[in-house]
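Quick note: the sequence shown uses this note's numbering, first residue 7, plus one each step.
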Amino acid sequence: MRSSFKVSDVPALVIDTFGLDVVVETELDSYDDQNFLVKVNPKSTKPVNIQQFCQHGYVLKILNSDDSKNPDIIGVQTRMILHLAKKGFPTPEPVLSVNANYQEEVQATYSTDNGCIHSKHIARLFEFKPGKTLDKVPLTTQLCYEIGLGAGRLDLTLQSLNISDESLSSMKSKWNLSELPGLRTSTHVISSNQQRAVVEKIIDEFEECLSTNYDCFSKGLIHGDLNECNILVEKHSTCNSSKSFRTNQEQQNVENNNESKVSGPDDGYGLCSIIDFGDSVYSPYVFEVAIAITYVMLNKHGIPPLEGAHYVLKGYLEHIKLTDLELKYLRIFICARLTQSLIMGNIAHSKDPENEYILIHVKRIWPVLENLWRKSNNEVFNEIIKC
Numbered sequence: 007m008r009s010s011f012k013v014s015d016v017p018a019l020v021i022d023t024f025g026l027d028v029v030v031e032t033e034l035d036s037y038d039d040q041n042f043l044v045k046v047n048p049k050s051t052k053p054v055n056i057q058q059f060c061q062h063g064y065v066l067k068i069l070n071s072d073d074s075k076n077p078d079i080i081g082v083q084t085r086m087i088l089h090l091a092k093k094g095f096p097t098p099e100p101v102l103s104v105n106a107n108y109q110e111e112v113q114a115t116y117s118t119d120n121g122c123i124h125s126k127h128i129a130r131l132f133e134f135k136p137g138k139t140l141d142k143v144p145l146t147t148q149l150c151y152e153i154g155l156g157a158g159r160l161d162l163t164l165q166s167l168n169i170s171d172e173s174l175s176s177m178k179s180k181w182n183l184s185e186l187p188g189l190r191t192s193t194h195v196i197s198s199n200q201q202r203a204v205v206e207k208i209i210d211e212f213e214e215c216l217s218t219n220y221d222c223f224s225k226g227l228i229h230g231d232l233n234e235c236n237i238l239v240e241k242h243s244t245c246n247s248s249k250s251f252r253t254n255q256e257q258q259n260v261e262n263n264n265e266s267k268v269s270g271p272d273d274g275y276g277l278c279s280i281i282d283f284g285d286s287v288y289s290p291y292v293f294e295v296a297i298a299i300t301y302v303m304l305n306k307h308g309i310p311p312l313e314g315a316h317y318v319l320k321g322y323l324e325h326i327k328l329t330d331l332e333l334k335y336l337r338i339f340i341c342a343r344l345t346q347s348l349i350m351g352n353i354a355h356s357k358d359p360e361n362e363y364i365l366i367h368v369k370r371i372w373p374v375l376e377n378l379w380r381k382s383n384n385e386v387f388n389e390i391i392k393c
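Written out as structure tokens, the structure reads:
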């Protein structure tokens, strides 16, 4: 269940839980959680758990009741974020509560025809990272390349985080690409017979691929949901974070004024942050780049889909190497994510028809999916490589 806190509830919740006297700027778009952008009252006394106020404000994230039932998984996500921040990866850092915890349980009460329902939710507070979400700006080849670089750098950095096998196996997410076969029983939410037949074939082909090849794929901790709304960008002229995603050699080339790997306009946008680790899992690396490519291909601005895919892959391979076998199935993994997003989006919208945010990707999925499905794995791979 998605929480339904009102804007007027937030200041009291934040001061009681995190010790900050805040005003609410706005409620942010969210798929199945609630996010509020808050600013600290200038006259607020600094709590002992915060060394200095974040000048850009904070985001209060209240998880849905289902995800809130797994505090240990959320704890692993927090460890990932802190590890990335320690290694210089630009992502919003969590704030300690007044009880010196990074997550606290809060209770919401809902009135129904049958009385009141009480629901428990986990609340977290993050420093706010300024920037625009990827869906708000035109794509360039340089930006697509930086998205791939960022995804690869993220996955590479997480390789040095020591997580127990038990914790890794506990990390479950309905958005884990491996969970797609479980949606076979939900394809009825797609009203078009033609579309439903295609997605069922995609699920079958995806499942067959995993049953044959899964053990051959390289794996690690991944972000798991590099969609347009989890990628923040800024103008290159103001973005200081892009060097955080580069390889050492590439950064040296830039500092020596050598030609960068991908040329782009100086006034274009660059990657400045990756946010929201709520769907992080231990999974094949090829899934990570396939997911990033999926949402670049769905972007309504800028360059042709397969050209964008080429530069995302190019950037990712700077940090994470993939085998020919993994790359061979890139098409089916992209189609699998499109299918997953199509089914999940329709399910979520049926439960929350007033949440237009859910339809952001759903409305654009079918044309991209239909075009990819007409091609073979080799055709798509060759087109991505030669762009």
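Note that CB positions come from ideal geometry on N, CA and C, so glycine has one too.
Secondary structure note for Thr300: its alpha helix (DSSP H) is the uninterrupted segment 291-304. Looking at the DSSP output, Tyr116 sits in a beta bridge with Ile123. Rounded to the nearest angstrom, the gap between the Cα atoms of Asp73 and Ala354 is 15 Å. DSSP assignment within the region 297-361 yields the following whole alpha helix (DSSP H) runs of 4 residues or more, N-terminal first: 311-322, 330-334, 336-357. Residue burial is scored here from C-beta neighbours: Val13 has fewer than 16 other C-beta atoms within 10 angstroms and is therefore classed as exposed.
In terms of Cβ geometry, Leu69 and Ile128 form a close pair [threshold 8 Å]. Asn233 counts as buried, since at least 16 other C-beta atoms from the protein chains shown sit within 10 angstroms of its C-beta.
The alpha-carbon separation between Ile169 and Ile237 amounts to approximately 25 Å. Thr51 is bridged by DSSP to nothing; it lacks a bridge partner. Counting along the chain, the unbroken alpha helix (DSSP H) around Ile208 starts and ends at 199-219.
In the DSSP assignment, the residues bridged to Pro100 are Phe132. Excluding sequence positions up to five before and after Ala342, its CB lies within less than 8 Å of the CB of Leu183, Leu186, Ile208, Ile209, Phe212, Ala296, all in the same chain and listed in chain order. Fully contained in the region 13-83 are the following alpha helix (DSSP H) runs of length 4 or more, in chain order: 16-24.
Per DSSP, reduced to three states, the secondary structure at Thr163 is helical.
Tyr151 counts as buried, since at least 16 other C-beta atoms from the protein chains shown sit within 10 angstroms of its C-beta. With contact defined as three or more Cβ pairs closer than 8 Å, the region 99-112 and the region 43-61 are in contact. In the three-state DSSP reduction, Ile371 falls in the helix class (H, G or I). Ser279 has its alpha-carbon roughly 13 Å from the corresponding atom of Thr244. In terms of Cβ geometry, Val239 and Val302 do not form a close pair [threshold 8 Å]. In the DSSP assignment, the residues bridged to Gly276 are Glu240. Annotation for Leu174: the continuous alpha helix (DSSP H) segment containing it runs 171-176.
In the structure shown, the three-state DSSP call for Val195 is helix. Annotation for Phe387: Leu333, Lys334, Leu336, Arg337 place their beta carbon closer than 7 Å to its own, counting only its chain and skipping 5 residues before and after. Gly226 is bridged by DSSP to Ser289.
Your pair Glu324 and Gly158 checks out as a contact, with CB atoms roughly 6 Å apart and the cut at 8 Å.
The DSSP-derived three-state label of Thr146 is coil. Thr23 and Pro96 have their C-alpha atoms spaced approximately 25 Å apart.
At least 8 Å separates the beta-carbon of Tyr64 from that of Phe11. Taking the Cβ atoms as the reference, Ser289 lies roughly 25 Å from Lys381, outside the contact range of under 8 Å.
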